[in-house]
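Chains as they are written, first to last, in the numbering used here: chain A, 815 to 1106; chain B, 519 to 1019. Glycine included, every Cβ here is placed at the ideal spot set by N, Cα and C. Everything numeric in this text was worked out from a predicted model, so none of it was measured.
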C-alpha cells in the first residue's frame, strides 16, 4: 500500500513518526504552512518557517524515504495580527519554488474582515501562479465558514477544481461536492472526523475528488491515521484500487496541477511504489493549468 | 523513467583483445546481443591469424557474419607477439629493420579492404635506445609513406594512434607525422581517451578537438594519469561523458570501441558494464546539454532584465532536472550536486562576467537567503566555479562567499555542507573552519571526496582531530568511518601555510 498524506505538519513530529509513516506505506506528503501554536510576532518568524519547510524538513523527510512538499500562505488566525500581515508581500517568491504545490492553508478562523482580506488576496495569488489552493474550514461556525469560503472562491477567478476545502464533516461535505471543489477530510483521534464516519461518507459520496489526511501536528493527533483509514476502507467493502485512488492517486491528481510535485524515487529507498508516479511527475509540467 | 539512449552518429564497439577467451563468432554474437554496433578486431592470436593459409575463406565468412549482425568493424594491429615471439610489438616502425611490420600492415590493409573496415589503426613504436628522434621520425615517415601508398590503392583509411612512451605520443605528434608526409588524405588519427589523461596536455576534450575532422578511430577506456593501464569505466580519471559529448560535437561518425585488453577473464561482464557505463555517460552528456541551453537562455534573459534573476534561478530544475550530476559515482547527488545545482552554479559564474563585484555579491546573498536548499547549493557551487576561474576574486564577492559558506557549514543538511567545502572554501576559508568542515562531513557520514584540495590543506591538526574522533567512536563501540584513516595518513608538510586563523 502506498500513501500520500496531503496534509500533515511534520515540523511538529519526530523522526520516529517518519519511520513509522514509511513503514505504514507513506511515500509522499504535503506540509501546509500554518500557525505554530505559539503566536508569531514578526515576519522573520514566518520567513524562517517557510524556509524550513522547503529546506530542513524536506531533507529530514528524505532521510526516511518520504518526499516532502509544502504549501505556503499566511494562515487565517494570524491574518488578524497587523504585525504578521506584511508577510503577504513575501509569499509570491515562495510560490515559484520547487515542491511548493499550493497556496495554503488559507480560509477562515473567526470570520473577521482581516481574514476576508487575506483570503481573497491569497486566492488571487493562487490564480496568478497557477497553483491550487488549500482552504481550511473554521473549527467554530464551520457551516457558515464553509459557505463564505465557497462564496469567496466563486468571486475569485480560481476554478473550483483547483481548490480543496479541508476538515469537512457530514454537515458541509455536500456543499463542497456540489460546488465542484476537492473534499478534504482530516482523520483525528477524537475530533474532526474518524475512520468509520469517513467510510460512511465515501459510501454516500464516492471516492472522486476526496482527499484523506492525518493533519497531524503538535496537538493530539496521529500521523498513521491515513493507514488506518485505508484499513477501514478495506473492511468497509472498498477495493484496494479504491484505497489507492483515495490515498495516492487523488492527492497526486490534485497537487499535480501545480506542476511542482517531486515524486522521483529517493536514492537508497525502494522506488517501486512510486511506480508511474515518476512519469506523472515528468508530465506534470505539461499538465500545468490544463485541468484548471 | 530513463530509457536507453541512442548514441548519436558514431557507433559504440568493443575490442576483441578484451575477449581472448572466446572464439570470434561468440564474441560477435555477444556484442550484438549487448547492443554494440561495432567491433575492433585485433589481428593475430587468437581471433584472426593474418598469415592463415585459409585467410580468404575465413574473411568471406567473417564479412557475411558482420553483415548479418549489422556490426561495423575497425582493424587494430596491436597484437603483442605476432611478429616476434619474445619481444612484444617488435619490430615497430621506428626500429632499424621494420620489414615484417610493414609487411604485416600491408596485409592488415588487404584484410580491411575485404571486410569493408572503417580503417586500419596502427602505432609508431618506442624509439630504440641507439636511434635519435630525428632518425626515428625519418624511419617512420618512409615506412608510413610506403604503407599509405598500398592503402590508397585498396581504398583503405589508415589511422595512427598516439601511445604513451612511443615516438608518436600525442595527437600533436600524429599531426606532425601527417605534416611531414604532406597531409595525405588517407591518414587519420586514432585517439584512445584513456591515454589522454596520461599524456595529452589538453586532456580528453583537447585531444579530440585537436584531432577534429581527422579523427578516424576512437578507443574508449578509463585510466589514471599516473599509469598507462586500461581500466574499466569508473576506475580511473577519464571524464567519459565529456568525451562522448565532444565526439557528438565534432559530429564524429566512426567507431568508438571499448579497449580493455587485460580483462578477458570477465569479458562478458565487462562488456555489459561498459555498455551501461557508456549509456549513463551519454545521459549525463545529454543532461549537460540541457543545462547548457538553459544557461544560454537564462543569461540572455537576465542581461535583458536583471530583475528576472530570482525567478530564473528558482525554476532551473524544471528545465535541467534534479538528477545527480555524476550518477555513477554520486547517485544521491550529495557529494557533487545535481544537474540543477550545477546549472545554477554556472549561471552565477556567467553573472561574474557582466555584474560589477558589489552587485554580484548582493545577488549572491539575496539568492542564498531567499532560496530553498537547492538554490543555496547552486550559489555555493557558483562560488566554487568562480574560485576556480579566478584565484583573486574581488573582495566583496569573497566577503559574501565566506558569509554564505559559514552559514551553510552551520546547517546539518549534507548536500549544503558538501557544497560548501568545494574550491571556494579551499581558496578562501580559514584553516580552523576548514578543518571543522572536513570533520563535520565525516561526522555526518559524507565522503570527504566532496572536499577540494584536501591533500594541499590537510595538516597535523586535522589528523589530530580525526584521531580524537576515531578514539571517541571506538570508546563508544561504534564503527570508525574509513575516511578517518585517510585523514590520519594525510597530514601535509607544515611548509604549506594557509590563512591560519
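Can you name the residues of chain B whose CB is closer than 8 angstroms to the CB of residue 982 of chain A? Going along chain B, no residue has its Cβ under 8 angstroms from residue 982 of chain A, so there is no contact; the nearest lies around 31 angstroms.
Just to confirm the assignment: which complete alpha helix (DSSP H) runs, minimum length 4, are found wholly within the region 711-759 of chain B? 711-717 and 721-729
Does the CB of residue 568 of chain B have a neighbour CB from chain A at under 7 angstroms? no
Per DSSP, the bridge partner or partners of residue 886 of chain A: A/917
Answer yes or no: does any C-beta atom of chain A fall closer than 7 angstroms to that of residue 849 of chain B? yes
Three Cβ pairs or more, each shorter than 8 angstroms: is that satisfied between the region 660-670 of chain B and the region 706-713 of chain B? no
Which residues in chain A have a C-beta closer than 9 angstroms to the C-beta of residue 828 of chain B? List them in chain order. 907 and 910
Between the Cα of residue 587 of chain B and the Cα atoms of B/822, B/847, B/531 and B/1005, which residue gives the shortest distance? B/531
Rounded straight-line distance, which links the Cα of residue 905 of chain A to that of residue 859 of chain A: 13 angstroms
Cβ contact (3+ pairs, closer than 8 angstroms) linking the region 841-853 of chain B and the region 865-878 of chain B: no
So the alpha helix (DSSP H) residue 594 of chain B belongs to, where does it begin and stop? Per DSSP, residue 594 of chain B belongs to no alpha helix (DSSP H); it is in the beta strand (DSSP E), 590-594.
Check the Cβ of residue 959 of chain A against every Cβ in chain B and list those closer than 9 angstroms, keeping chain order. Ordered by position in chain B, no residue passes the 9 angstroms Cβ test against residue 959 of chain A, which lies about 32 angstroms from the chain.
Simplified DSSP assignment, three categories, for residue 1078 of chain A: coil
My assumption, with CB atoms under 8 angstroms, is that residue 818 of chain A sits in contact with residue 1080 of chain A. Please give the rounded CB distance. Incorrect: roughly 14 angstroms between the Cβ atoms, too far for contact.
Could you list which residues in chain B have their beta carbon closer than 9 angstroms to that of residue 1051 of chain A, in chain order? Ordered by position in chain B, no residue passes the 9 angstroms Cβ test against residue 1051 of chain A, which lies about 35 angstroms from the chain.
Provide the residue span of the alpha helix (DSSP H) that contains residue 583 of chain B, from first to last. 573-587
Distance, Cα to Cα, residue 944 of chain B vs residue 901 of chain B? 11 angstroms
Who are the near neighbours of residue 1010 of chain B in its chain, counting only those whose CB is closer than 8 angstroms to its CB and skipping five residues on each side? Its pLDDT being 45, under 50, residue 1010 of chain B is placed unreliably by the model, and the measurement read from it follows with that caveat. Result list for residue 1010 of chain B: 973, 974, 975, 976 and 977, in chain order.
Hey, does residue 828 of chain A have any beta-carbon neighbour from chain B nearer than 7 angstroms? no
For residue 530 of chain B, which residues does DSSP report across the bridge? B/774
How would you list, in chain order, the residues of chain B whose beta-carbon sits under 7 angstroms from the beta-carbon of residue 870 of chain A? 931
Quick check on residue 540 of chain B: does DSSP put it in helix, strand or coil? coil
Could you tell me whether the Cβ of residue 896 of chain A comes closer than 7 angstroms to any Cβ of chain B? no
Does any residue of chain B have a CB that is nearer than 7 angstroms to the CB of residue 943 of chain A? no
Beta-carbon separation (whole angstroms), residue 592 of chain B vs residue 773 of chain B, contact threshold 8 angstroms: 5 angstroms
Do residue 676 of chain B and residue 669 of chain B have their CB atoms nearer than 7 angstroms? yes
Whose Cβ in chain A lies nearer than 8 angstroms to the Cβ of residue 833 of chain B? 910 and 912
Residues near residue 780 of chain B in its chain [Cβ-Cβ closer than 7 angstroms; skip 5 each side]: 748
Limits of the unbroken alpha helix (DSSP H) element including residue 892 of chain B: 891-907
Applying the criterion that 16 or more other CB atoms from any shown protein chain within 10 Å of the CB defines a buried residue, is residue 1071 of chain A buried or exposed? buried
Expressed to the nearest angstrom, what Euclidean distance is found between the alpha-carbon atoms of residue 941 of chain A and residue 967 of chain A? 11 angstroms
Would residue 968 of chain B and residue 936 of chain B qualify as a contact pair, given that the criterion is a beta-carbon distance under 7 angstroms? yes
So is residue 1069 of chain A buried or exposed if we call it buried at 16+ other beta carbons inside 10 Å? buried
Buried or exposed (CB count within 10 angstroms, at least 16 for buried), residue 894 of chain B: buried
To the nearest angstrom, report how far apart residue 804 of chain B and residue 970 of chain B are at their CA atoms. 26 angstroms
Give the interface partners of residue 873 of chain A over in chain B, defined as CB-CB distance under 7 angstroms, in chain order. 891 and 931
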